[in-house]
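Shown next, in structure tokens, is the structure this report addresses.
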Amino acid sequence: MRIAKEESSSSAAQAISLISALKELQGVTALDLNKLLRDSENFTIHYLTEKGSLLKIDMEKLAGSLPLHLTTLLMSGVRDEALFRYLLRGIRLLHSLCELASRNSKFEQILLDDVKMMEQLTDLVFYMLIVLGGYRQEYRAFSYMHLMHSTLVACNLHLLTAFVSTQWQDIVHVLLAHPKVDIFMDAAFGSVRMIVSFLENALVAYHEDISVESNLTAEQMVYYLCQQCEASLQFLQSLCQQKMFKERLLKNKELCEKGSILFLAQSILKLHIQPSFPSRIMAAISRLKAKILSILLSLCEAESISYLDEVASSVRSLDLAKSVALEVFDLLKKAFGRDPGHLTADRSFPMGFVQLNAMRLADIFSDDSNFRSYMILCFTKVLTAIISLSHGDFLSCWCSSNLSETEEDASIEYDIFAAVGWILDNTSPDVRNATNLEFNLIPNSMPKASYAHHRTSLFVKFFANLHCFVPNICEEQERNLFVLKVMECLQMDLSNLLPGFSFASDAPKAAIASKNLRSLLSHAESLIPNFLNVEDVQLLRVFFGELQSLFTSTGFGENQVQDSKFDESLSWDKLSKFNMNEHYQEAQSAGGCPPSLTGKEHASLNKKGGNFKEGMSENSAFPDMDQHNTRAEETNQGKGLNKQNQVDDKGIPGKTASGGAREMDKDAQNVETSGSDSSSAKGKNVVDNMDNGELSKSNERLKRTAVEENPEDEKIELSQRRKRKRTIMNDKQVMLIERALKDEPDMQRNAASLQSWADKLSGHGSEVTSSQLKNWLNNRKARLARTARDVKAAAGDDNPVPEKQRGPVPGSYDSPGSPGDVSHVARIASGDNKSELARFVDIGSPEFGHCNAGQNVVLVGVRGDEIGRGKVFQVHGKWYGKSLEELSAHVVDISELKADKGMRLPYPSEATGNTFAEAETKLGVMRVLWGSNRVFALRPE
Numbered sequence: 001m002r003i004a005k006e007e008s009s010s011s012a013a014q015a016i017s018l019i020s021a022l023k024e025l026q027g028v029t030a031l032d033l034n035k036l037l038r039d040s041e042n043f044t045i046h047y048l049t050e051k052g053s054l055l056k057i058d059m060e061k062l063a064g065s066l067p068l069h070l071t072t073l074l075m076s077g078v079r080d081e082a083l084f085r086y087l088l089r090g091i092r093l094l095h096s097l098c099e100l101a102s103r104n105s106k107f108e109q110i111l112l113d114d115v116k117m118m119e120q121l122t123d124l125v126f127y128m129l130i131v132l133g134g135y136r137q138e139y140r141a142f143s144y145m146h147l148m149h150s151t152l153v154a155c156n157l158h159l160l161t162a163f164v165s166t167q168w169q170d171i172v173h174v175l176l177a178h179p180k181v182d183i184f185m186d187a188a189f190g191s192v193r194m195i196v197s198f199l200e201n202a203l204v205a206y207h208e209d210i211s212v213e214s215n216l217t218a219e220q221m222v223y224y225l226c227q228q229c230e231a232s233l234q235f236l237q238s239l240c241q242q243k244m245f246k247e248r249l250l251k252n253k254e255l256c257e258k259g260s261i262l263f264l265a266q267s268i269l270k271l272h273i274q275p276s277f278p279s280r281i282m283a284a285i286s287r288l289k290a291k292i293l294s295i296l297l298s299l300c301e302a303e304s305i306s307y308l309d310e311v312a313s314s315v316r317s318l319d320l321a322k323s324v325a326l327e328v329f330d331l332l333k334k335a336f337g338r339d340p341g342h343l344t345a346d347r348s349f350p351m352g353f354v355q356l357n358a359m360r361l362a363d364i365f366s367d368d369s370n371f372r373s374y375m376i377l378c379f380t381k382v383l384t385a386i387i388s389l390s391h392g393d394f395l396s397c398w399c400s401s402n403l404s405e406t407e408e409d410a411s412i413e414y415d416i417f418a419a420v421g422w423i424l425d426n427t428s429p430d431v432r433n434a435t436n437l438e439f440n441l442i443p444n445s446m447p448k449a450s451y452a453h454h455r456t457s458l459f460v461k462f463f464a465n466l467h468c469f470v471p472n473i474c475e476e477q478e479r480n481l482f483v484l485k486v487m488e489c490l491q492m493d494l495s496n497l498l499p500g501f502s503f504a505s506d507a508p509k510a511a512i513a514s515k516n517l518r519s520l521l522s523h524a525e526s527l528i529p530n531f532l533n534v535e536d537v538q539l540l541r542v543f544f545g546e547l548q549s550l551f552t553s554t555g556f557g558e559n560q561v562q563d564s565k566f567d568e569s570l571s572w573d574k575l576s577k578f579n580m581n582e583h584y585q586e587a588q589s590a591g592g593c594p595p596s597l598t599g600k601e602h603a604s605l606n607k608k609g610g611n612f613k614e615g616m617s618e619n620s621a622f623p624d625m626d627q628h629n630t631r632a633e634e635t636n637q638g639k640g641l642n643k644q645n646q647v648d649d650k651g652i653p654g655k656t657a658s659g660g661a662r663e664m665d666k667d668a669q670n671v672e673t674s675g676s677d678s679s680s681a682k683g684k685n686v687v688d689n690m691d692n693g694e695l696s697k698s699n700e701r702l703k704r705t706a707v708e709e710n711p712e713d714e715k716i717e718l719s720q721r722r723k724r725k726r727t728i729m730n731d732k733q734v735m736l737i738e739r740a741l742k743d744e745p746d747m748q749r750n751a752a753s754l755q756s757w758a759d760k761l762s763g764h765g766s767e768v769t770s771s772q773l774k775n776w777l778n779n780r781k782a783r784l785a786r787t788a789r790d791v792k793a794a795a796g797d798d799n800p801v802p803e804k805q806r807g808p809v810p811g812s813y814d815s816p817g818s819p820g821d822v823s824h825v826a827r828i829a830s831g832d833n834k835s836e837l838a839r840f841v842d843i844g845s846p847e848f849g850h851c852n853a854g855q856n857v858v859l860v861g862v863r864g865d866e867i868g869r870g871k872v873f874q875v876h877g878k879w880y881g882k883s884l885e886e887l888s889a890h891v892v893d894i895s896e897l898k899a900d901k902g903m904r905l906p907y908p909s910e911a912t913g914n915t916f917a918e919a920e921t922k923l924g925v926m927r928v929l930w931g932s933n934r935v936f937a938l939r940p941e
């Protein structure tokens, strides 16, 4: 009994000794502690307290006991101001001891080389963040508890840099090795979100001038909260920039799938900056927004898992993501509409790359199927207002290398010792005149020209992404939705959207928009290839051409010039019925820099009413799908075309023979992905209160048509359906990888080979990552498998598919209109046209699906009707600047035309003609470019 009492007494004495040592040494710097250690023996120092007493402290025992001591206190359950003060002292002392270890090799062996000690330190950080993340006690807006809580979060996170490493990859390695890493992630983001809620309340109280019962002013408390919040968020930002941590984070369902990170982003982006706020507070809040946007960007750009797919996996998280997107759009609207000289007044505090990061994130939204329609409906007014600016303002803002305003980013150099010292000293009742605390800001600036070019390139990509359309990958109602929405917005008064600029009231909007877009095109071409690729610029050109077509067809520009009382109620129905040819395949080809839209070309454009005939939808598996609106098609209808196979007014397939719509949907799902977005495009790009309520109906119709699909096929295709809408490789890269596949057909299973080839391919065009290449190969493999099945089904059991037919077809698996697409043939073989074509198409022969130069062939239309017969002229290389491999097309000399000569060609151009008649006139022979999936070898006689 006596022994137990003695042991209990000894433990109590040790605890008292530890508490006393902590309170006395927490204010001593690592440098001073090192001096004390040098004068000591066996790591026992003698410290003279402020009261004059001499305190004997065993530093080895202190260091070994402190982490566990603080963890025990956290578990006590009593979380008041006294505990928070004590914990702050403990963290400050721990930080000093860790710094001391870097100066004293013997102490380093005791503290940092001990595995058990490292585990205790890591557990302390984890558990404290759990407690702080779950802190829900409400206090008044200006509360010392809020200040202490925010300091504990920041200090805890930065303590990892003290006892693990200053290198982020080392910190990530330690965190990921911990079995409770998911808990750490949840707690860290949750704790920062609590700080943001404190800051939000403080900002409201500060703006409303609520009195503060403290020796600290309201401004000091708000600014201190900003500092702690920025330090914590910056730590998380640095972690998210590490690939391994980011990929692990994306697997955290609570943070990603359930939207915890989005809640944090939403709360930060909603922080309102009042014009009356001091410059340092405005700048700090602005940097917070820049940093959370950077975190979202890092997650969206991950290669292994699509973050936007994760958040789109439930209606709740998708709605939350769209609300965050709306905050981004609103932020950009304010930034674009601000007086250009607003940043020149006070450059002493960096504001962060808010606008640039927001534009980067909006670029990703504009290229994602879950957000594309939402962005069109929410942001088109702003984009239209910009292209409606006076020409001088537009040039200075978007076509210049020397902007009057640029952004500057900065990283906060956080100091645990100073932060804890300030909060402990200035929240003491004995202090009357509080001092200011400033952390060093490390600037991160971008050259003016580079900043301007990045900004313009992102602006161009908005137009390229929002106008880009790939059948059945995008919702059918999205076809031309953006250009029609721009046309609608041009009839509105948009001057209030950009209050910092003036709009010319006397000039017609159509003329202003055309002039600005023409200048933007010219400037954009100068940004190739460093800031833009050919494809983006070409898509902008296509958008401009179709907008010009709308101006001409509706008389919008002419009426504005001739009649000042122009009726601004141009109906949406009239616009939506306007038939515009598609131009996207030319934009998808990265074969060369397109010519400028100037001079002769522009005159030609105006002459033709702005129809860019050159770029008709060549990427479609059904290039002449919308020919039904042309005069030639009407003539063909009189010759007995089946109305059941025509396309309705909205561009949605009607009932097709033997599942044609089903095949069309299947083929379009395998458009090449970008690598990071490999999961299903769920079609969830419709939200409440959308202007066009019909946007969500197309997928349902297509699904009803496709009920007979093989579930196995559907599973493969859904897993590979994409959000990124354009190809990732040019024809040169495709040719190289197809050659490599002949020697290594299972390349996708070899990680080293994937990386090697990704590096090689990147040297011949845009950058290709190993994950993008793997995804491309998987798409190719699935298409080959489906092709083999469809051909076998079309030919019947008596005509098995030759094995060599399943080999690689150069350049054929990067677009939906590839030679591997035999959906039409399957329909022909099993539908009403079988008896007609079976007479001359040898389905069972090796030539089926593959033609050679000089071979006699038959050309069929999208509905399986014979168009004509002829001889193959060219199957490889380029023809009038067009890559046959990229387009998956053959050049054929027509000897017997069964369609009308005025029928529009699937690949029209000025050089080779728009119709059969023009082709014969221009080339001397009726030589046309035709999709190889609709060119079939004739039976030998």
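Its first residue numbered 1, the sequence shown is counted upward by one per residue in the UniProt record's numbering.
Idealized CB from N, CA, C, for every residue including glycine.
Note that this is a predicted model, so its numbers are computed, not measured.
Among residues of its own chain, excluding the 5 on either side of residue i, which ones have a beta-carbon nearer than 6 Å to its beta-carbon?
i: residue 239; result: 245
i: residue 150; result: 195, 225 and 228
Near residue i, what residues of its chain come up, given a Cβ to Cβ distance below 8 Å and the 5 sequence neighbours on each side ignored?
i: residue 571; result: In this prediction, residue 571 has a pLDDT of 39, which is less than 50 and means its spatial position is unreliable; nothing more can be read from the coordinates.
i: residue 942; result: The question about residue 942 has no answer, for the chain in this structure spans 1 to 941.
By the 10 Å Cβ neighbour count, where 16 or more other Cβ atoms means buried, how is residue i classified, buried or exposed?
i: residue 75; result: exposed
i: residue 67; result: buried
i: residue 103; result: exposed
i: residue 603; result: Caution is warranted here: a pLDDT of 38 is assigned to residue 603, below 50, making its placement in the model unreliable, and the coordinate value is therefore given only provisionally. Under this definition residue 603 is an exposed residue.
i: residue 52; result: exposed
i: residue 496; result: exposed
i: residue 300; result: buried
i: residue 880; result: exposed
i: residue 868; result: buried
i: residue 42; result: exposed
i: residue 26; result: buried
i: residue 533; result: buried
i: residue 77; result: exposed
Can you give the beta carbon distance from residue i to residue j, rounded, assuming they're within the 8 Å contact cut?
i: residue 199; j: residue 271; result: 7 Å
i: residue 195; j: residue 416; result: About 16 Å separates the two Cβ atoms, so there is no contact after all.
i: residue 855; j: residue 937; result: 6 Å
i: residue 89; j: residue 36; result: Not a contact, Cβ separation roughly 18 Å.
i: residue 154; j: residue 414; result: 7 Å
i: residue 543; j: residue 462; result: About 10 Å separates the two Cβ atoms, so there is no contact after all.
i: residue 288; j: residue 230; result: 6 Å
i: residue 927; j: residue 875; result: That pair is no contact at about 13 Å.
i: residue 168; j: residue 242; result: 5 Å
i: residue 329; j: residue 362; result: 7 Å
i: residue 498; j: residue 337; result: 4 Å
Just grab the DSSP bridge partners of residue i for me.
i: residue 904; result: 915
i: residue 536; result: According to DSSP, which records beta bridges pairwise, residue 536 is partnered with nothing at all.
i: residue 54; result: 48
By Cβ distance below 7 Å, which residues in the same chain neighbour residue i in space, the five residues on each side in sequence not counted?
i: residue 274; result: 207
i: residue 580; result: Unreliable positioning characterises residue 580 in this predicted model, as indicated by a pLDDT of 42, which lies under 50. The coordinate reading is nonetheless provided below. So the list reads 480, 546 and 549, once near-sequence residues are dropped.
i: residue 514; result: 548
Specify whether the region 443-457 and the region 401-415 touch according to this definition: at least 3 beta carbon pairs, one from each stretch, less than 8 Å apart.
-> Per the Cβ contact rule, the region 443-457 is in contact with the region 401-415 (3 or more Cβ pairs under 8 Å).
Does the region 425-439 come close enough to the region 473-482 that 3 or more CB-CB pairs lie under 8 Å?
-> no
Do the region 739-755 and the region 768-778 meet, that is, are 3 or more Cβ pairs less than 8 Å apart?
-> Short answer: they touch.
The region 495-509 contacting the region 381-396, beta-carbon criterion three pairs below 8 Å | yes
Counting pairs of beta carbons, one from the region 255-266 and one from the region 185-204, are three or more of them closer than 8 Å?
-> yes
May I ask you to verify whether the region 54-70 touches the region 111-131, counting CB pairs closer than 8 Å and requiring at least 3?
-> yes
Just checking, does the region 122-142 make contact with the region 172-183 on the three C-beta pairs under 8 Å criterion?
-> Result yes; three or more Cβ-Cβ pairs closer than 8 Å.
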